[in-house]
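Below is one structure; the comments refer to it alone.
Protein chains: 2
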Amino acid sequence: MDIREIAKRAKVSTATVSRTINRVPTVDPHLAKRVWKVIDELGYYPNTQARALVSGRSRIFGLIVSEITNPFFPEIVQVFEDLAVEHNYEILVTSTVHDPKRMELAVRRMIERRVDGVAVMTFGMEESLLENLRFRKVPLVFVDVGPPLPRISNIRIDYRHGIRQAVQHLAALRHRRIAFVTGPLQLKSALARKAAFDESMEEIGLEVSPDLLVVGDHTMEGGMSAFRNLAGLRQRPTAILCSNDMSAIGVMRETFDFGLRIPQDLSVVGFDDIRLAQFIIPPLTTVQMSQSELATLAFDALMNEVNRETPAANGTDYVLTTSLVLRKSTALAPGQHARPGRAADASAR
Amino acid sequence: MDIREIAKRAKVSTATVSRTINRVPTVDPHLAKRVWKVIDELGYYPNTQARALVSGRSRIFGLIVSEITNPFFPEIVQVFEDLAVEHNYEILVTSTVHDPKRMELAVRRMIERRVDGVAVMTFGMEESLLENLRFRKVPLVFVDVGPPLPRISNIRIDYRHGIRQAVQHLAALRHRRIAFVTGPLQLKSALARKAAFDESMEEIGLEVSPDLLVVGDHTMEGGMSAFRNLAGLRQRPTAILCSNDMSAIGVMRETFDFGLRIPQDLSVVGFDDIRLAQFIIPPLTTVQMSQSELATLAFDALMNEVNRETPAANGTDYVLTTSLVLRKSTALAPGQHARPGRAADASAR
DNA sequence: AGGGCCATGGAGAACGTTTGTAGTATCCTG
DNA sequence: CAGGATACTACAAACGTTCTCCATGGCCCT
Numbered sequence: 107m108d109i110r111e112i113a114k115r116a117k118v119s120t121a122t123v124s125r126t127i128n129r130v131p132t133v134d135p136h137l138a139k140r141v142w143k144v145i146d147e148l149g150y151y152p153n154t155q156a157r158a159l160v161s162g163r164s165r166i167f168g169l170i171v172s173e174i175t176n177p178f179f180p181e182i183v184q185v186f187e188d189l190a191v192e193h194n195y196e197i198l199v200t201s202t203v204h205d206p207k208r209m210e211l212a213v214r215r216m217i218e219r220r221v222d223g224v225a226v227m228t229f230g231m232e233e234s235l236l237e238n239l240r241f242r243k244v245p246l247v248f249v250d251v252g253p254p255l256p257r258i259s260n261i262r263i264d265y266r267h268g269i270r271q272a273v274q275h276l277a278a279l280r281h282r283r284i285a286f287v288t289g290p291l292q293l294k295s296a297l298a299r300k301a302a303f304d305e306s307m308e309e310i311g312l313e314v315s316p317d318l319l320v321v322g323d324h325t326m327e328g329g330m331s332a333f334r335n336l337a338g339l340r341q342r343p344t345a346i347l348c349s350n351d352m353s354a355i356g357v358m359r360e361t362f363d364f365g366l367r368i369p370q371d372l373s374v375v376g377f378d379d380i381r382l383a384q385f386i387i388p389p390l391t392t393v394q395m396s397q398s399e400l401a402t403l404a405f406d407a408l409m410n411e412v413n414r415e416t417p418a419a420n421g422t423d424y425v426l427t428t429s430l431v432l433r434k435s436t437a438l439a440p441g442q443h444a445r446p447g448r449a450a451d452a453s454a455r
Numbered sequence: 107m108d109i110r111e112i113a114k115r116a117k118v119s120t121a122t123v124s125r126t127i128n129r130v131p132t133v134d135p136h137l138a139k140r141v142w143k144v145i146d147e148l149g150y151y152p153n154t155q156a157r158a159l160v161s162g163r164s165r166i167f168g169l170i171v172s173e174i175t176n177p178f179f180p181e182i183v184q185v186f187e188d189l190a191v192e193h194n195y196e197i198l199v200t201s202t203v204h205d206p207k208r209m210e211l212a213v214r215r216m217i218e219r220r221v222d223g224v225a226v227m228t229f230g231m232e233e234s235l236l237e238n239l240r241f242r243k244v245p246l247v248f249v250d251v252g253p254p255l256p257r258i259s260n261i262r263i264d265y266r267h268g269i270r271q272a273v274q275h276l277a278a279l280r281h282r283r284i285a286f287v288t289g290p291l292q293l294k295s296a297l298a299r300k301a302a303f304d305e306s307m308e309e310i311g312l313e314v315s316p317d318l319l320v321v322g323d324h325t326m327e328g329g330m331s332a333f334r335n336l337a338g339l340r341q342r343p344t345a346i347l348c349s350n351d352m353s354a355i356g357v358m359r360e361t362f363d364f365g366l367r368i369p370q371d372l373s374v375v376g377f378d379d380i381r382l383a384q385f386i387i388p389p390l391t392t393v394q395m396s397q398s399e400l401a402t403l404a405f406d407a408l409m410n411e412v413n414r415e416t417p418a419a420n421g422t423d424y425v426l427t428t429s430l431v432l433r434k435s436t437a438l439a440p441g442q443h444a445r446p447g448r449a450a451d452a453s454a455r
C-alpha cells in the first residue's frame, strides 16, 4: 500500500496526497479531509526511507555514549528519545564501550544511514574518529571537547561550581584531610574534575598532599581499591570526594569492610548525581550534573543546527552548571564536636 | 557522491559497482579491485535508505523495552546492539515507560521505518497494541506472552526452576516463614513468578500465609514499603523472596532502618541478577535470568524469522531457564544453630 | 571454420516519496 | 462578458540504489 493507492481511492494525484500528509496549507480543506479519510481507512503509514531519500533529510540523530550499562547514560538516552519522538526524529544509539573500533564502526553506520546530526556523549574519548562526520558536514554536538568549527556545538560543563561547593561544604564541616578519587586520566572530563578540585582546595588554602590523590577509573571496583589505598595511609583522610558516583559507591562499599561508618567516621561526596545516589545507604551527597538537562541541551543544539540557514563559523556553545546536593553521607569531621570552635582558622595557617 | 560517480570513475556501470559492493561472485576480480579502489579513494559510503527502498529490507530491528532506566534493560540493549552491528543491522530502541500511548507511537514509528522485526521486552504490557505490526507481517518476538501465530516467536522463561531452587535453598536453611514480595500484578511475568513461588512452597509442604504475600511494584521504593508491611507483622518472616532485584534491594535498604542485619536476622533473595546485585552490601543471593542470553535469544529469533522462507504456522519457541546464584544475603534462620537438628521435619506437620 | 555456450557487463525499470512547474477551474474587475 | 488574477491540482522528474533481462565477447567443440 503506497501513496498511489491512496491517490487512486481519493481520486486525486499523489502530489495532493503528499501535500496533505505534510500539511501544506495550499491544499483545499475539503480535499484534505477526503484524503485523510482514505488514509485512515487503509491504515496507510508513509515510507520513511522513500521520504528521506528524496527530501535529503533522514530525521535520524545519532547518539554515541560510552557505555549504556553505566547508570549515568540510560537517563540521557531516555530524555533524548523523548525529545526525538516529540520532534518526529528517530535516534540511533550506540555504546562504544571505550573501544575505538566500535566508535569507528558507529561513525560508518551513522553515515550510511545519513543521520542529520550526532550527539557525542563520551566525555572526551577518541573524538578524532569523528573527523569523517565533520568532513561530511554532519552537525555534531560534544561535551566540552569539540573543536571550534562550523556545525560543531559544545556543551561546556561548569565543573568548578559544583566541586567548589562540595569542597567548601567539607571544609565547613572542619575536614582538612580531603582526598580525591579521580577518574581515568585519559578522560578529559576526569581531568577537568580533578583540576576543579585542586583549584577549589587551593582557593581556601587547604593543601592536597599527593597521598590523598588517588586515581580511580569511574567504576565501583575502582572506588573500592581507591579506598583500600587510602585506608593504608598513616593518616587517613576524613573526607573523600570522588570523580563520579560509582566511585563513591565503591568507596562506601569498601569502608563497610573496614568497619567504618559513614558519615560519622568518614564523609563521602560523589559526582554526577545518578539516580542510584539517593537510594544507597546512606544517601549520597553529590555534585549534580543533570543528565536530563545535558540530554536536552544536546538535542536542542542539534535541532538548532539542523534548522540554521548558515552555520556559525565557530559553532555554538551551551553551558551546563553543576551544583552540590546535600544528602546524608557527609558530617562533621571526626573528633570535631559541634561547638563554636576555631578549627576552621587552622586551615588559614 | 553516489554510485554513479563511482561507476564513472571506475569506467564501469552502476550495476557493476552495486555488485561489487554486495560481493556478488560473478564480478571479475580485476574489475572489483578497480572499483574498490575508487570507492576507498572517494570515501564513498552507500546510502542505506536507497538500498532499503529498493531491496525492501531496512535492516533495522525494533527493540521495545519498558524502561531503559531500569537497570535490567541496559544490558539487554547492549547485547542486542552488539549482535545487530555484527549482522549489519541497526536497532531502534524505545522505552515505553509503561505508557500505552508511547507504545502505540513506538509501533507507528517502527512501521514507518519499515523495521524487519521487533523484539518486545516489556514482559507482558499492552501487547494488544502490537496488532498493527502483526497485521503488517512484521516478525515479532515476545517474552512469554506472544500468541501462537506465524512469524511470532516466544522466549519461554522457566521461572519455576530458579524459584524452586531459591525456595529449597531457604528451606534447607530452616526458614519456614518465607515471605514473597510480588511485582505489579498486571504484569504477566510478575504473576508467573508468584505462581512459581506458590508451587514451590506447596511442593515442600510449606504454608504461605496471606500475611506473607505482599505486593510490590518492582521498584526499590516498592521493596521498602513492602518490608515495612512485613515488619509490622506479629510474626515476622525470617526470609523474603522478591520478584525482582530492585525490590530486594529496597527491602534490604529498609531493614537497615529497622536495625536488622542481613543475613543474620533476615535472609533476602532477589530475582533477575542484575549487575548491581553483586555489588550491594551484602552481595545479593538471587535467581539469575541472564539478560545477555535473553537478548541473544531475541535477536536470533528475529534473525531466524527474517531468513525463513515460509514461517512456521504457530511461531517458534525458545527457552530460557533461570537458576539460583548464591551470594551473601542468605543464612540459617535466626534461632537455628548449625547443628544436626530435626527442625526441617516440622514443616511436614 | 562455424556454431553454441558460458561468463560477464550494461541498460533501464523499479522502489515510494517530494516538489517545481504547468495547467485549469473559479472568481473578481471593469 | 471578456480578461486576468487567484487558488488549487496534476504531471513528471528527481532521489540512490538493486536487479532483471539482454548483449557482448571469448572459448571450446565438432
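So the sequences go chain by chain: A and B. Sequential numbering from 107 applies to the first sequence in my numbering. Sequential numbering from 107 applies to the second sequence in my numbering. Here a beta-carbon is modelled for each residue, glycine too, at the ideal position from N, C-alpha and C.
| query | result |
| --- | --- |
| In chain order, what residues of the same chain have a beta carbon less than 8 Å from the beta carbon of residue 349 of chain B, not counting five sequence neighbours either side? | 286, 287, 288, 289, 296, 299, 300, 322, 324 and 377 |
| DSSP beta-bridge partners for residue 200 of chain A? | A:170 |
| Using a threshold of 8 Å, state whether the C-beta atoms of residue 426 of chain A and residue 261 of chain A are closer than that. | yes |
| Report the rounded CA-to-CA distance for residue 60 of chain A versus residue 319 of chain A, giving the unit in angstroms. | Summary: the structure shown does not reach residue 60 of chain A, with chain A confined to residues 107 through 455, and so no result is reported for it. |
| In whole angstroms, what separates the C-alpha of residue 114 of chain A from that of residue 204 of chain B? | 39 Å |
| By Cβ distance below 7 Å, which residues in the same chain neighbour residue 448 of chain B in space, the five residues on each side in sequence not counted? | Caution is warranted here: a pLDDT of 44 is assigned to residue 448 of chain B, below 50, making its placement in the model unreliable, and the coordinate value is therefore given only provisionally. Nothing listed; no residue qualifies. |
| Are residue 197 of chain B and residue 190 of chain B close, meaning C-beta to C-beta below 8 Å? | yes |
| Taking only beta carbons into account, state which residues of the stretch 179-193 of chain A come closer than 8 Å to chain B, listed in chain order. | 179, 180, 181, 183, 184, 187 and 191 |
| If you count every other CB in all the chains shown that lies within 10 Å of the CB of residue 308 of chain B, and 16 or more means buried, which is it? | exposed |
| Would residue 359 of chain B and residue 387 of chain A qualify as a contact pair, given that the criterion is a beta-carbon distance under 8 Å? | yes |
| Per DSSP, what kind of secondary structure is residue 429 of chain A in: helix, strand or coil? | strand |
| Can you tell me whether residue 121 of chain A is buried or exposed, with buried defined as 16 or more other CB within 10 angstroms of its CB? | exposed |
| Do you know how far the Cα of residue 257 of chain A is from the Cα of residue 422 of chain A? | 8 Å |
| Go ahead and label residue 252 of chain A buried or exposed: buried means 16 or more other beta carbons lie within 10 angstroms of its beta carbon, across all protein chains shown. | buried |
| Since I believe residue 164 of chain B is in contact with residue 155 of chain A (beta carbons under 8 Å), could you give me their beta-carbon distance rounded to a whole number of angstroms? | 7 Å |
| For the beta strand (DSSP E) containing residue 393 of chain A, name the first residue and the last one. | 391-394 |
| Should residue 326 of chain A be flagged as near chain B, meaning a C-beta pair shorter than 8 Å? | yes |
| Using the beta-carbon count (16 or more within 10 Å), is residue 413 of chain A buried or exposed? | exposed |
| What residues in the stretch 139-173 of chain B bring their beta carbon closer than 7 Å to a beta carbon of chain A? | 151, 152, 153, 154, 155, 156, 158, 159 and 164 |
| Give me the DSSP bridge partner(s) of residue 227 of chain B. | B:171 |
| Determine the chain B residues that contact residue 177 of chain A at a beta-carbon separation under 9 Å, and present them in chain order. | 175, 177, 180 and 382 |
| Beta strand (DSSP E) containing residue 261 of chain A: first to last residue? | 258-264 |
| Using the C-alpha atoms, what's the distance from residue 186 of chain B back to residue 180 of chain B? | 10 Å |
| Which residue spans inside the stretch 236-321 of chain B form an unbroken alpha helix (DSSP H) run of at least 4? | 237-241, 265-278 and 294-309 |
| Taking all protein chains shown into account, decide if residue 275 of chain B is buried (16 or more other Cβ within 10 angstroms of its Cβ) or exposed. | buried |
| Do residue 392 of chain B and residue 373 of chain B have their CB atoms nearer than 8 Å? | no |
| Mapping DSSP to helix, strand and coil, what is residue 435 of chain B? | coil |
| Count the other CB atoms within 10 Å of the CB of residue 272 of chain B; is the residue buried (16 or more) or exposed (fewer)? | buried |
| According to DSSP, is residue 183 of chain B part of a helix, a strand, or is it coil? | helix |
| Listed from N- to C-terminal order along the chain, which residues in the stretch 199-223 of chain A have their beta-carbon within a distance smaller than 9 Å of any beta-carbon of chain B? | 199, 200, 201, 203, 208, 211, 212, 214, 215, 217, 218, 219 and 220 |
| Check each residue of the stretch 322-352 of chain A: if its Cβ is closer than 8 Å to any Cβ of chain B, include it; give the result in chain order. | 326 |
| For residue 121 of chain B, which of helix, strand or coil comes out of DSSP? | helix |
| Quick one: which chain A residues come within Cβ less than 7 Å of residue 385 of chain B? | 326 and 359 |
| Let's test the definition: count the other Cβ atoms within 10 Å of the Cβ of residue 292 of chain B and tell me whether it reaches 16, buried, or not, exposed. | exposed |
| Hey, quick one: how far does the beta strand (DSSP E) through residue 108 of chain B stretch, first residue to last? | No beta strand (DSSP E) contains residue 108 of chain B, which DSSP labels as neither H nor E. |
| Quick one: what's got a C-beta closer than 8 Å to residue 335 of chain A's C-beta in the same chain, skipping five residues either side? | 320 |
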